[in-house]
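Here is the structure we will look at.
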Amino acid sequence: MSIPSRSLTARPEWRALAEHYKTVGKSHLRDLFAADPGRGERLTAEAAGLFLDYSKHRVTDETLGLLVRLAEACDLSGRTEAMFNGEKINITEGRAVLHTALRAPRGATVFVDGHNVIPDVHAVLDRMADFSDRVRAGVWLGYTGQRIRAVVNIGIGGSDLGPMMAYRALRHYSQRDISFRFVSNVDGTDFAETVRDLDPASTLFIVASKTFTTLETMTNARSARAWLLAALGDKAAVAKHFVAVSTNAAEVAKFGIDVANMFEFWDWVGGRYSMNSAIGLSTMIALGPEGFRQILAGARAMDEHFRTAPLAQNLPALMGLLSVWYSSFFDADTVAVLPYDQYLSRFPGYLQQLTMESNGKRVTLSGAEVDYQTGAIYWGKPGTNGQHSFYQLIHQGTKLFPCDLIGFCRSLNPLGDHHDLLMANMFAQSEALAFGKTAEEVASDGTAAWLVPHRTFPGNHPTSTILADTLTPAVLGAMVALYEHSVFTQGVIWDIGSFDQWGVELGKVLAGRIVSAFRSEGDPELHHDSSTNALIRRYRARKVTR
Ligand code: F6P
């Protein structure tokens with residue numbers, strides 16, 4: 001049984017924010033800007049190639065001071081050091097949390113159980129680089145001697161979302177004579193449609209799974225092996241067309257992949273924090289080793305900034321504290337991530353796992369039930385498309401929508417005035433969301449009185465604007481690290497475990513039981529609720545049997 005905790009909400013710093021919210025929570029961004037015209041220049045910060053404008057947030061200097069004091073009271077700096085130094089801060093799994101070690105320089109030292117992990121990290125990076133170079137140069141050949149023309153990453157969750165997002169984001173820099181595809185869903189359609197036009201003789205599968213036991217991934221990997229063998233006929237072909245990325249050498253060997261073709265990572269890399277590990281092998285083949293190292297360098301620059309910059313100028317800390325402010329004090333349910341860049345179309349989806357698997361928690365580290373709102377629902381789509389779909393609800397609905405707008409000063413595909421139009425829309429949206437259009441402004445152009453309420457925009461929707469010069473591998477690395485550390489900041493304040501994911505287990509166990517019921521002969525005795533039992537019976541009766 002959990003014990004209700006008052007510890008966070010009883011802190012004087014929290015109570016001061018709760019008190020402060022009573023006034024600032026009601027104020028409008030129009031008034032905040034009118035009272036302080038300099039805030040648009042002042043409430044900004046910059047690091048690792050990213051510029052953050054947080055002036056259009058419902059905060060004053062006092063709010064920011066109080067949030068920083070809360071972070072200090074929660075020992076954000078101490079907890080950050082504990083993470084970077086390899087302490088086992090993932091307490092429910094007894095693990096260190098060291099995605100930052102994946103981008104540490106060769107000479108660094110980070111110890112886990114007395115062992116310096118940095119040489120291991122670089123040994124794997126070097127093996128990945130050698131393998132990637134061989135695939136890219138056509139030195140690594142398929143079983144029949146053909147060059148590899150398609151790389152298919154089979155994985156799910158963190159073993160899919162990061163690599164897929166990174167490939168889409170950095171496609172501009174990728175080797176174009178190799179096609180990169182991603183299979184994740186256990187729905188056979190995903191596999192069938194992905195390989196439909198591929199030639200097995202020139203296809204390389206990367207089976208990416210931290211545990212190498214995940215149902216979806218192993219099912220897809222078995223189908224991939226069958227597809228390959230149906231065409232090439234000889235089991236010896238598997239060695240030329242399958243490599244693995246995992247922490248579990250025994251399961252990799254059991255599957256039939258030579259462990260010489262396995263790229264290792266470690267239990268101190270969480271799945272959703274793993275795109276800088278060997279899980280990024282497809283990214284490295286796409287970009288080449290140098291491009292991958294630039295991603296690491298960008299992430300490392302953000303790591304250093306997070307570790308050393310004062311909290312008041314610290315991008316991840318500020319973004320994390322603002323999320324706490326809206327989730328816990330305004331009860332805002334969501335954060336919309338709106339990249340004004342088509343290459344970032346998968347970035348919101350990637351962030352969903354990072355943020356929601358991390359901070360979707362309802363008990364504190366000591367197991368007490370929280371009495372405040374924790375992790376927000378992250379979602380979003382690229383602009384300008386979203387403007388013609390869901391923005392209506394943001395502008396004139398009844399809910400509060402903090403949004404992150406992400407854009408670049410230079411396009412990777414300069415084409416006429418497309419980029420100016422794109423960026424004009426991004427800036428216009430943050431302006432409209434913040435300031436809206438009052439009834440007086442609407443009426444002033446002669447709009448009929450009855451129509452005025454329909455055409456009024458309340459505004460006061462807070463936004464962060466993240467601006468960089470160009471979308472490069474380093475900038476993407478910095479953006480990922482920015483959100484990783486923002487998530488960490490939120491978790492520290494909320495006193496929750498951001499690095500486990502027990503909430504995904506129950507569904508997996510129940511699915512296993514239901515599959516057994518599908519497979520059993522006759523009319524099996526079912527022990528679910530009446531709805532689930534009836535659905536299982538209906539499905540069994542109607543499904544086409546092979
Ligand atoms: O089910 C959730 C999860 O454990 C994620 O945390 C993880 O990213 C994903 O499954 C895939 O796990 P694996 O890499 O072990 O196949």
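Residue numbers 1 to 546, in our numbering, belong to the letters of the sequence shown in order. Glycine included, each C-beta is placed from N, C-alpha and C at the ideal position. Keep in mind it's a predicted model, so treat the numbers as computed, not measured.
Of the listed residues P348, R513, Q490, nearest to V324 (C-alpha basis):
Q490
Using 8 angstroms for Cβ pairs, my map puts L102 next to V121. What's the rounded Cβ distance?
6 angstroms
So A18 and F330 are in contact, right, with Cβ under 8 angstroms, and what is the actual spacing, rounded?
Not quite, the Cβ-Cβ distance comes to about 11 angstroms (not below 8 angstroms), so this is no contact.
Starting from W14 and walking both ways along the alpha helix (DSSP H), at which residues does that stretch end?
Start and end: 12–24.
Pull up the distance between the alpha-carbon of D371 and that of T9, whole angstroms please.
The straight-line gap separating the alpha-carbon atoms of D371 and T9 is approximately 8 angstroms.
Beta bridge counterpart(s) of Y378 as assigned by DSSP
In DSSP, Y378 forms a bridge with V335.
Beta-carbon gap between I154 and L204 smaller than 7 angstroms:
no
Beta-bridge pairing of M275 - partner residues as DSSP gives them
For M275, which the question treats as bridged, DSSP gives no partner whatsoever.
Measure the beta-carbon distance from D469 to G407 and round it to whole angstroms, keeping in mind my assumption that it falls under 8 angstroms.
No, D469 and G407 are not in contact; Cβ-Cβ is about 11 angstroms, not under 8 angstroms.
Taking 6 angstroms as the line, does the beta carbon of T214 fall inside it for any heavy atom of ligand 2?
Ligands displayed in this structure: ligand 1; ligand 2 is not among them.
For a quick check, are the C-beta atoms of L315 and A47 less than 7 angstroms apart?
yes
Consult DSSP for E304 and reduce its assignment to one of helix, strand or coil.
helix
Could you give the distance in angstroms between the alpha-carbon of F51 and the alpha-carbon of Q387?
Their Cα atoms are separated by approximately 23 angstroms.
In this structure, what does DSSP give as the bridge partners for F180?
V151, per the DSSP bridge assignment.
beta-carbon S55 near ligand 1 non-hydrogen atom, thresh 6 angstroms:
no
Under DSSP, the beta strand (DSSP E) around T463 begins and ends at which residues?
463–468
Residue range of the alpha helix (DSSP H) that T532 falls in?
530–542
Distance cut-off 6 angstroms: Q352 Cβ against heavy atoms of ligand 1
No, Cβ of Q352 sits at least 6 angstroms from all heavy atoms of ligand 1.
Report yes or no: do the segment 355–363 and the segment 164–173 share at least 3 C-beta pairs separated by less than 8 angstroms?
no
DSSP on K361, reduced to helix/strand/coil?
Note: K361 maps to coil in three-state DSSP.
Which listed residue (Q353, T532, P339) has its alpha carbon closest to that of I156:
Q353
CA-to-CA distance, S184 to K56, given in whole angstroms:
Going by the C-alpha atoms only, they are around 38 angstroms apart.
I'd like to know whether the C-beta atoms of G383 and L433 end up nearer to each other than 7 angstroms.
no
Please classify G138: is it buried, with 16 or more other beta-carbons within 10 angstroms of its beta-carbon, or exposed?
Classification for G138: exposed.
Go ahead and label F306 buried or exposed: buried means 16 or more other beta carbons lie within 10 angstroms of its beta carbon, across all protein chains shown.
It is buried - the Cβ of F306 has at least 16 other Cβ atoms within 10 Å.
In the DSSP output, which residue or residues are listed as bridge partners for H608?
The structure shown does not extend to residue 608, since the chain is modelled only from 1 to 546, so the question has no answer here.
Whole angstroms are fine: how far does the CA of S430 sit from the CA of S389?
17 angstroms
With a threshold of 6 angstroms (Cβ to nearest heavy atom), would I394 be considered close to ligand 1?
no
Label H461 either buried or exposed according to how many other C-beta atoms from any shown protein chain fall within 10 Å of its C-beta, with 16 as the threshold for buried.
The residue is buried, with at least 16 neighbouring Cβ atoms inside 10 Å.
Check for me: the beta strand (DSSP E) holding V370 runs from which residue to which?
Looking at the DSSP string, V370 is not in any beta strand (DSSP E), and its letter there is neither H nor E.
Which listed residue (L161, Y378, V509, T374) has its alpha carbon closest to that of V335
Y378
Can you pull the DSSP bridge partners for G407?
L467
Go through its chain and collect everything with a Cβ distance to R540's Cβ below 8 angstroms, but skip five positions before and after it.
A517, F518
I need the straight-line Cα distance from H550 to H99, nearest angstrom please.
No answer is possible for residue 550: it lies beyond the span of the chain, which begins at 1 and ends at 546.
If we call anything under 7 angstroms between Cβ atoms a contact, is L243 one with N261?
In the sequence under discussion, the amino acid at residue 243 is Val, which differs from the Leu named in the question. Yes, these two residues count as a Cβ contact at 7 angstroms.
Between the alpha carbons of S7 and T374, how many angstroms are there, rounded?
15 angstroms
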